[in-house]
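A quick write-up on the structure given underneath.
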Amino acid sequence: MPRTPLITLITDFGPADHFVGVMKAVILNINPDVQIVDVCHEVNSYDIFDAAFTLAQSYRFFPPDTIHLVVVDPGVGTARRPLLARTIEYKFIAPDNGVLSLIYEREETIEVRHVTSDHYFLNPVSNTFHARDIFAPVAGWLSRGLEADKFGEPVTDYTKFTPPKPKRVSDQLVKGVVLRVDKFGNVITNITPEDVPALFAENPPPFRIIVGQQEITKLNLAYSMGKPSEIFAIVGSSGYVEICTNRGSAAKALNAGRGAEVGVMLGEATAPTP
Amino acid sequence: MPRTPLITLITDFGPADHFVGVMKAVILNINPDVQIVDVCHEVNSYDIFDAAFTLAQSYRFFPPDTIHLVVVDPGVGTARRPLLARTIEYKFIAPDNGVLSLIYEREETIEVRHVTSDHYFLNPVSNTFHARDIFAPVAGWLSRGLEADKFGEPVTDYTKFTPPKPKRVSDQLVKGVVLRVDKFGNVITNITPEDVPALFAENPPPFRIIVGQQEITKLNLAYSMGKPSEIFAIVGSSGYVEICTNRGSAAKALNAGRGAEVGVMLGEATAPTP
Amino acid sequence: MPRTPLITLITDFGPADHFVGVMKAVILNINPDVQIVDVCHEVNSYDIFDAAFTLAQSYRFFPPDTIHLVVVDPGVGTARRPLLARTIEYKFIAPDNGVLSLIYEREETIEVRHVTSDHYFLNPVSNTFHARDIFAPVAGWLSRGLEADKFGEPVTDYTKFTPPKPKRVSDQLVKGVVLRVDKFGNVITNITPEDVPALFAENPPPFRIIVGQQEITKLNLAYSMGKPSEIFAIVGSSGYVEICTNRGSAAKALNAGRGAEVGVMLGEATAPTP
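Here is the structure:
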């Protein structure tokens, strides 16, 4: 007996409307034997990067053959295409608005198709709820074992944004940005240990991480190693440098949100911080 | 092998307490092979219309034989009856407080029973949590294939409210109300294209939709067709006329919530708006 | 065919991040045939008592052999141990920070093990996300039928807090505290009918329940028996005395939250309330 197929959901639909329930209804109507896993329905409204980040942080932990359905779709009802992407291990269904960008970046082998086979849609298709009328039905049929080529032709001109990369400004300075603030107020930057290897060497030099008006000069191994109200850096579970405080919100303390600049200065401070 | 039975849940219990988890526990204890789908647990507290609306928007998308369990129950512990309703395709379990009103309205054939067979309840039954002690167990047993007549006798005097209908005030004016504001701030009215057919004819006349102090004079086909901060009308996925703004909250811009009056005036403005 | 194994989740991870989705991914990767039930992901951040209370209110309603996974873990990445506890009916996986205290208290027979078999972990184990790297994998393997003794040795020095107990100050006065405020604003105290049996006798004496500056002198059987804005007591579904108001928040009206003192005075008031 083959394994129960899995569909994951990432949307910006929130918990208070019927939208997510209806997506599940449509999927279960097509394939009653599928297992649906909610990854996140509280992506910021219309926020394509936020959805892409959530997907990138979660997709690889699921079993092979999982179908990842991502609907953050401010362009619903316009010409933007519905896509079906396929890597060696996973399938992805999403609007062509860049929400799969981090998948395109991380996966070496990827095939992207424009979904055009409208006999798989829930007809008549509305102009405002393609999650119900296009994306959920395609996921349902796909989970029943239909081949990807049944849904449309390959395309190569899909929308892709380039995620912000840290910049090495000098031997002493790497500049990055905040990617996200998590539920606990941890400030996740786009800087990884590879970007500042000296910091993780056996005898790291003194350093300052500058966020807004604050300087962080401590690197801890675990959240609870921080002293009360101390702000420190840590390598988080996603592999990024995070700014944290023990049992509190570093984001609030620093007044820093997504897009805020983060500087990592190595070596002794020799002049006032710019 | 028969299909996995499905139970959907709509409540006002919110996400922070153990209430929903316990409902599921009770159901799974009775029928471990059931699949439970959360439709919404963030119905406004005690809000029977809100629950009825959520149910009406979602129930028909589920597979035949789905059991819909709706617990918004400010009268818990009093004489209000637990009900089991049955249409040709679905079953519904809910308190007799009007929460099934839109089902009674939409379904031609419906049988409603007063659930009295207390040997199916989780005894002793509390006065404050019938979702756990009555509604969930009944759903569990029903999902195991028990016939509806095992649970109680048919009744016809169940509680039913009449949802607000648009009124044709004159040839030029139709008046409706706001039914709900969704997560994105879209203002869902109770007006359908059938109520104002001229608006959707081939050459529609000029029109004004009046909400609060504002006049909306544009009808778009998709959310993203709106210019920045423009407020416009659209036919939403539920079939109702919605007032929207592209990537923003029309509800906030209009300061309009449920129950607010909505007027649709057809033809040129010939006098100041009343 | 054995029944589908069940894993329940209680965390403080909230709905907006990928954390819960990733836990489920890891579990399903190890055991695709498990059913996962969310009990609550909105435990107050780092709040061990809140998680313990949620667990205590829910675990017994689940079928025998359910695995309860509780991750509220401010000490993640430090020496605090991962535990696997086993009663006659259930298994529990949690950090050794007291979050299982109410289980230790309620269950007569319990075996607690320190989980050390790191070949079951998701390696390399991070310092910040043991829910993903330790707790979820252990739950997954356990759900596949592995014996508890495969995961580590029994321990007896586990962390345990004593929940606050009501105190009988005199024949007339019992003092307790608020344990929790629920979604509806009901104020759940730690006082049970056994603590104030006179109140529930056939001819109860006059009484006053004192919370903050307010005196409650009425006991109702159901929420909706309260008159508008009246504040009254009730025995809630958890067996505790609650302070409530019909269709409103008693917590707001009383300005009372967790830890607030609650006094139950029996008999006529003979002097001004202290």
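Protein chains in written order, with my numbering: chain H, 68 to 341; chain G, 68 to 341; chain A, 68 to 341.
Glycine included, every Cβ here is placed at the ideal spot set by N, Cα and C.
(message) Buried or exposed for Lys319 of chain H, going by 16 or more other Cβ atoms inside 10 Å?
(response) exposed
(request) Take every Cβ of the region 220-230 of chain A, pair it with every Cβ of the region 285-302 of chain A, and state whether three or more of those distances are shorter than 8 Å. (result) no
(request) Would you check if the region 197-206 of chain H and the region 140-152 of chain H touch, i.e. whether three or more CB-CB distances between them fall below 8 Å? (result) yes
(request) Return the CA-CA distance between Asp132 of chain A and Thr284 of chain H, expressed in angstroms with no decimal places. (result) 48 Å
(message) Suppose only complete runs of 3+ residues qualify. What are the beta strand (DSSP E) ranges in the region 78-135 of chain A, listed by chain order?
(response) 102-107
(request) Look up Val205 of chain H in the DSSP assignment and say whether it is helix, strand or coil. (result) helix
(request) Please list the partners that Val143 of chain G has in chain A, where partner means a Cβ-to-Cβ separation under 9 Å. (result) Ala289, Tyr290 and Ser291
(request) Counting only the same chain and skipping the five closest in sequence on each side, list residues whose C-beta sits under 7 Å from that of Ala265 of chain H. (result) Pro271, Pro272 and Leu333
(request) Anything in the region 161-181 of chain H with a Cβ closer than 8 Å to a Cβ of chain A? List those residues in chain order, please. (result) none
(request) Report, in whole angstroms, the separation of the C-beta atoms of Pro72 of chain A and Pro130 of chain H, which I expect to be a contact under 8 Å. (result) About 16 Å separates the two Cβ atoms, so there is no contact after all.
(message) Determine, for Gln124 of chain H, whether the minimum Cβ-Cβ distance to residues of chain A falls below 8 Å.
(response) yes
(request) Run through the region 247-300 of chain A for me and flag every whole beta strand (DSSP E) of 3 or more residues, listed as ranges in chain order. (result) 254-256, 274-278 and 281-283
(message) Does the CB of Pro231 of chain H have a neighbour CB from chain G at under 8 Å?
(response) no
(request) Give every residue of the same chain whose Cβ lies closer than 7 Å to the Cβ of Thr195 of chain A, excluding the five residues on either side of it in the sequence, and list them in chain order. (result) Val143 and Gly144
(request) Report the three-state DSSP secondary structure of Ile170 of chain A (helix, strand or coil). (result) helix
(message) So the candidates are A:Ser210, A:Ile177, A:Ile77 and A:Val89; which of them puts its Cα closest to the Cα of Val121 of chain H?
(response) Here the sequence assigns Thr to residue 121 of chain H, which means Val is not the residue at that position. Among A:Ser210, A:Ile177, A:Ile77 and A:Val89, the Cα nearest to that of Thr121 of chain H belongs to A:Val89.
(request) Select from G:His85, G:Glu109 and G:Val87 the residue whose C-alpha is nearest the C-alpha of Val87 of chain H. (result) G:Glu109
(message) Is there a C-beta anywhere in chain H that falls below 8 Å from the one on Asn96 of chain A?
(response) yes
(request) For Pro82 of chain A, go through chain G and note every residue whose CB falls closer than 9 Å to its CB, in chain order. (result) Pro82
(request) Select from the region 209-237 of chain H all residues with a C-beta closer than 8 Å to any C-beta belonging to chain G, and list them in chain order. (result) none
(message) To the nearest angstrom, how far is the alpha carbon of Gly207 of chain H from that of Ile97 of chain H?
(response) 6 Å
(request) Look up Arg70 of chain G in the DSSP assignment and say whether it is helix, strand or coil. (result) coil
(request) Would you please verify whether the beta carbon of Asn194 of chain G is less than 8 Å from any beta carbon of chain A? (result) yes
(request) Along the alpha helix (DSSP H) that carries Leu321 of chain G, what are the first and last residues, could you check? (result) Ala317 to Leu321
(request) Please report how far the alpha carbon of Glu282 of chain G lies from the alpha carbon of Thr78 of chain A, in whole angstroms. (result) 47 Å
(request) Quick one: list the residues of chain A neighbouring Tyr113 of chain G, beta-carbon separation under 7 Å, in chain order. (result) Arg314
(request) Using alpha carbons as the reference points, say which of H:Phe274, H:His135 and H:Ile160 lies closest to Gln102 of chain H. (result) H:His135
(request) Please work out which residues of its chain come closer than 7 Å, Cβ to Cβ, to His181 of chain A, disregarding the five sequence neighbours upstream and downstream, and give them in chain order. (result) Arg148, Leu150, Gly219, Glu220 and Val222
(message) Is it buried or exposed, Asn322 of chain G, if we count other Cβ atoms within 10 angstroms and call 16 or more buried?
(response) exposed
(message) Out of A:Glu261, A:Gly243, A:Val263 and A:Tyr290, which one is the CA nearest neighbour of Val278 of chain A?
(response) A:Gly243
(message) Quick test of your reading: Val308 of chain G and Thr259 of chain G, contact by CB under 8 Å. State the CB separation rounded to the nearest angstrom.
(response) 7 Å
(message) Taking the beta strand (DSSP E) that Pro230 of chain H belongs to, which residues open and close that run?
(response) Segment: none, Pro230 of chain H is in no beta strand (DSSP E) and carries neither H nor E.
(request) Could you tell me whether the Cβ of Met68 of chain H comes closer than 8 Å to any Cβ of chain G? (result) Residue placement at Met68 of chain H is flagged as unreliable, the pLDDT there being 48, under the threshold of 50; a coordinate-derived value is accordingly withheld.
(request) Mark Met68 of chain G as exposed unless 16 or more other C-beta atoms lie within 10 angstroms of its C-beta, in which case mark it buried. (result) Per-residue confidence for Met68 of chain G stands at a pLDDT of 48, beneath the threshold of 50, marking its modelled position as unreliable; the derived number appears in the next sentence. Under this definition Met68 of chain G is an exposed residue.
(request) Please compile the residues from chain G whose C-beta is within a distance smaller than 9 Å of the C-beta of Arg199 of chain H. (result) Phe128 and Ser304
(request) Identify each residue in the region 237-265 of chain A for which the Cβ-Cβ distance to at least one residue of chain G is less than 7 Å, and report them in chain order. (result) Asp249, Lys250 and Phe251
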